[in-house]
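Going line by line, the protein sequences match chains A and B.
Residue numbers for the first sequence follow this note's numbering, beginning at 353 and rising by one.
Residue numbers for the second sequence follow this note's numbering, beginning at 353 and rising by one.
Take a look at the structure set out below.
2 protein chains.
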Amino acid sequence: MMKKIILRCEDSTNKRDNKLGVYFQGWLLHQLPNEVATALHESIIKPYTISVKQKNGMAEFIVTVLKDDLIQEVDNVLLSDGLNAIYLTSSKQKEFMIKERVVKVLTEKDLSQTFYQVDAVKKYGLEFYTSTSFKVDGEYHFFPDLRLIYQSLMRKYNVIFENNNHVDQDLLNELVAKTKIVSYRVQSTYYPIHKSFIPGFTGTIKVSCFGNQTLANYLNMLLRFGSYAGVGIKTSMGMGAIEYQEIKKGDRHG
Amino acid sequence: MMKKIILRCEDSTNKRDNKLGVYFQGWLLHQLPNEVATALHESIIKPYTISVKQKNGMAEFIVTVLKDDLIQEVDNVLLSDGLNAIYLTSSKQKEFMIKERVVKVLTEKDLSQTFYQVDAVKKYGLEFYTSTSFKVDGEYHFFPDLRLIYQSLMRKYNVIFENNNHVDQDLLNELVAKTKIVSYRVQSTYYPIHKSFIPGFTGTIKVSCFGNQTLANYLNMLLRFGSYAGVGIKTSMGMGAIEYQEIKKGDRHG
Chain A
353 MMKKIILRCE
363 DSTNKRDNKL
373 GVYFQGWLLH
383 QLPNEVATAL
393 HESIIKPYTI
403 SVKQKNGMAE
413 FIVTVLKDDL
423 IQEVDNVLLS
433 DGLNAIYLTS
443 SKQKEFMIKE
453 RVVKVLTEKD
463 LSQTFYQVDA
473 VKKYGLEFYT
483 STSFKVDGEY
493 HFFPDLRLIY
503 QSLMRKYNVI
513 FENNNHVDQD
523 LLNELVAKTK
533 IVSYRVQSTY
543 YPIHKSFIPG
553 FTGTIKVSCF
563 GNQTLANYLN
573 MLLRFGSYAG
583 VGIKTSMGMG
593 AIEYQEIKKG
603 DRHG
Chain B
353 MMKKIILRCE
363 DSTNKRDNKL
373 GVYFQGWLLH
383 QLPNEVATAL
393 HESIIKPYTI
403 SVKQKNGMAE
413 FIVTVLKDDL
423 IQEVDNVLLS
433 DGLNAIYLTS
443 SKQKEFMIKE
453 RVVKVLTEKD
463 LSQTFYQVDA
473 VKKYGLEFYT
483 STSFKVDGEY
493 HFFPDLRLIY
503 QSLMRKYNVI
513 FENNNHVDQD
523 LLNELVAKTK
533 IVSYRVQSTY
543 YPIHKSFIPG
553 FTGTIKVSCF
563 GNQTLANYLN
573 MLLRFGSYAG
583 VGIKTSMGMG
593 AIEYQEIKKG
603 DRHG
């Protein structure tokens with residue numbers, strides 16, 4: 353099972369503060385039992401993601417947990433009745449009062465059903481709402497690139513559900529060959545992690561799939577998974593958070 | 353010699369109208385003597401570009417002429433005292449009163465001096481202010497890509513000044529290897545030409561050159577040339593107009 357917990361807080365910072373993600377990760381790890389935090393620190397593919405979304409005077413602190421054994425630990429912290437606020441001592445605004453909690457769940461069964469449905473749409477909107485980046489041969493790649501996006505999602509999927517990080521290259525090639533970015537609006541960003549700045553991008557792309565229904569279903573499943581798992585690097589430190597949206601025929605801008 | 357003529361007109365359309373470029377081309381060709389218009393129609397690499405820039409209630413109709421023999425013909429039309437307005441019968445606003453004309457000139461000598469200067473900066477801002485696109489193996493490519501940008505400019509340069517469209521692949525590879533997009537903000541567009549829509553992009557990129565001074569000078573020259581010649585496809589129909597700006601050390605956002 354995968355779980356997404358959104359803590360909606362009042363935000364008086366009045367501007368986007370990219371550092372909130374890193375500070376929030378620090379705060380969360382500090383709340384968890386030592387042995388859990390240590391295990392998370394040491395795991396190469398993190399079984400959770402963090403992101404912060406600021407809009408309309410609210411800051412949403414979003415945690416997704418991708419593994420069952422971690423869900424209870426995170427629930428104990430974030431869903432505890434005793435938790436009224438998040439305290440980020442290093443950020444400009446120190447205290448974020450929690451006004452609302454939203455909980456969503458995505459099960460493996462939901463994902464299978466996505467795959468076996470007969471009418472998946474073939475056009476998607478993807479919003480990269482936090483800074484997203486890929487690492488290729490040691491270099492950062494900070495443009496949206498379908499191959500890198502799919503490869504990242506396929507690898508994460510296999511790590512979470514199959515305990516290996518193998519990527520089926522034939523399937524990846526097929527996806528790349530049969531899908532296309534049809535429109536986009538993106539910009540580069542520099543995401544601050546400790547003392548360095550990682551080049552990334554934010555923005556939206558629209559993707560069209562002109563493969564058969566099975567491929568469209570697979571893509572749908574992958575993107576749905578991605579809205580929990582994130583895409584690219586440093587998803588546990590606030591980067592690579594995506595939202596996806598099916599675009600049905602007749603939708604405006606569809 | 354290359355010449356740029358900007359006709360600044362009042363614009364009451366209140367929104368960006370991508371069709372103005374194509375209409376303006378039609379109008380201009382109609383004003384030129386028949387044999388000149390026919391020769392332009394038939395030339396594969398057009399020795400002129402057209403672009404329209406709308407901002408702050410003004411529309412700028414911009415023509416660059418890249419070949420000496422065409423300059424006089426275009427001057428006769430656009431710099432004639434009798435010309436008070438541009439009439440675009442197919443557009444929403446039919447009549448554009450000319451409030452101001454701006455003329456700029458770039459000579460081969462200016463370009464050589466750019467090349468032989470000793471202190472070219474190594475960072476540039478490039479604005480693609482009209483829809484820009486490339487054609488690669490019959491497919492449109494509508495992301496900013498340094499190789500495609502340089503290749504287009506080198507080819508245009510050789511067509512204009514050397515009468516061949518050869519591109520020095522070693523030099524191109526060197527430029528691509530020694531320069532990098534360091535930040536960007538771009539979005540896709542669909543540029544209307546007659547009944548089709550060509551996928552392109554607009555926006556800005558910043559490019560850094562970490563090659564030696566000679567390479568930096570060459571890049572500087574190429575971009576300066578590009579601000580007259582345009583980049584990519586359909587530059588005679590309103591696409592691919594760029595402006596470049598040297599970014600000196602210490603500049604804000606530099």
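Cβ atoms here follow ideal geometry from the backbone N, Cα and C, with glycine treated the same way.
In this text, all values refer to a predicted model and were calculated from it rather than measured experimentally.
Just the Cα atoms here: how many angstroms apart are His605 of chain B and Ala472 of chain B? Bear in mind that the predicted position of His605 of chain B carries a pLDDT of just 49, short of 50, making it too unreliable to give a figure here.
Along the region 532-566 of chain B, what residues have a CB closer than 7 Å to any CB found in chain A? Ser535, Tyr536, Arg537, Val538, Gln539 and Ser540
Can you pull the chain E neighbours of Phe376 of chain A, defined as C-beta to C-beta under 9 Å? Considering every chain present, this structure includes no chain E. Its protein chains are A and B.
Confirm, please, whether the CB-CB distance from Tyr502 of chain B to Phe577 of chain B is below 7 Å. no
Give me, in chain order, the residues of the same chain whose beta-carbon lies closer than 6 Å to that of Val454 of chain B; leave out the 5 immediate sequence neighbours on both sides. Ile358
If we count the other Cβ atoms within 10 Å of its Cβ and call it buried at 16 or more, is Glu491 of chain B buried or exposed? exposed
By the 10 Å Cβ neighbour count, where 16 or more other Cβ atoms means buried, how is Thr401 of chain B classified, buried or exposed? buried
Checking the sheet assignment: what are the DSSP bridge partners for Phe373 of chain A? The sequence shown places Gly at residue 373 of chain A, not Phe. Gly373 of chain A pairs with nothing; no bridge assigned.
Distance between Thr365 of chain B and Gln565 of chain B (C-alpha atoms, nearest Å): 46 Å
Hey, would you say Ala593 of chain A sits closer than 7 Å to Gly582 of chain A, going by beta carbons? yes
In chain order, what residues of the same chain lie with their CB nearer than 6 Å to the CB of Gly563 of chain A, ignoring the 5 residues before and after it? Lys530
Residue burial classification, Thr541 of chain B (beta-carbon count within 10 angstroms, cutoff 16): buried
Between the CA atoms of Tyr543 of chain B and Leu435 of chain B - distance to the nearest angstrom: 28 Å
How about Tyr580 of chain A and Ile557 of chain A: are their beta carbons less than 7 Å apart? no
With distance defined between alpha-carbon atoms, name the residue in A:Val528, A:Asn428 and A:Phe376 nearest to Ile545 of chain A. A:Phe376
Determine, using beta carbons only, whether Phe486 of chain B and Gly555 of chain B come nearer to each other than 7 Å. no
Which of the three DSSP states is assigned to Leu435 of chain B in this structure? coil
Specify the secondary structure class of Met506 of chain B as computed by DSSP and reduced to three states. helix
Rounded to the nearest angstrom, what separates Glu425 of chain A and His393 of chain A at their Cα positions? 15 Å
CB-CB length for Ser443 of chain A against Leu372 of chain A, believed under 8 Å: 6 Å
Could you name the residues of the region 483-497 of chain A whose beta carbon sits closer than 8 Å to any beta carbon of chain B, in the order they occur along the chain? Phe495
Which complete beta strand (DSSP E) runs does the region 434-507 of chain B hold, if anything under 3 residues is left out? 437-439, 447-458, 475-484, 486-488 and 491-493
Whose C-beta lies closer than 8 Å to the C-beta of Pro399 of chain B among residues of the same chain, with five residues either side of it excluded? Leu392, Val417, Leu418, Lys419, Leu422 and Ile512
Lys474 of chain B versus B:Glu595, B:Leu571, B:Lys586 and B:Gly590, residue with shortest Cα-Cα distance: B:Leu571
Can you give the Cα-Cα distance for Lys414 of chain B and Gln469 of chain B, rounded to whole angstroms? The residue asked about is misnamed: residue 414 of chain B is Ile in this sequence, not Lys. Each residue's alpha carbon lies about 29 Å from the other.
Bridge partners of Glu412 of chain B, per DSSP? B:Arg360 and B:Lys405
Just list the residues that DSSP pairs Met589 of chain B with in beta bridges. Looking at the DSSP assignment, Met589 of chain B forms no beta bridge with any residue, so it has no partner.
C-alpha gap between Leu575 of chain A and Arg368 of chain B, whole angstroms: 34 Å
Just grab the DSSP bridge partners of Gln539 of chain B for me. A:Arg537 and B:Thr554
Could you spell out where the alpha helix (DSSP H) holding Ile423 of chain A opens and where it closes? Asp420 to Leu430
How big is the Cα-Cα spacing for Cys561 of chain B and Val488 of chain A? 21 Å
In angstroms with no decimal places, state the Cα-to-Cα distance between Val374 of chain B and Met589 of chain B. 5 Å
Close Cβ partners of Arg499 of chain A (< 6 Å) along its chain, the five nearest in sequence each way excluded: Val528
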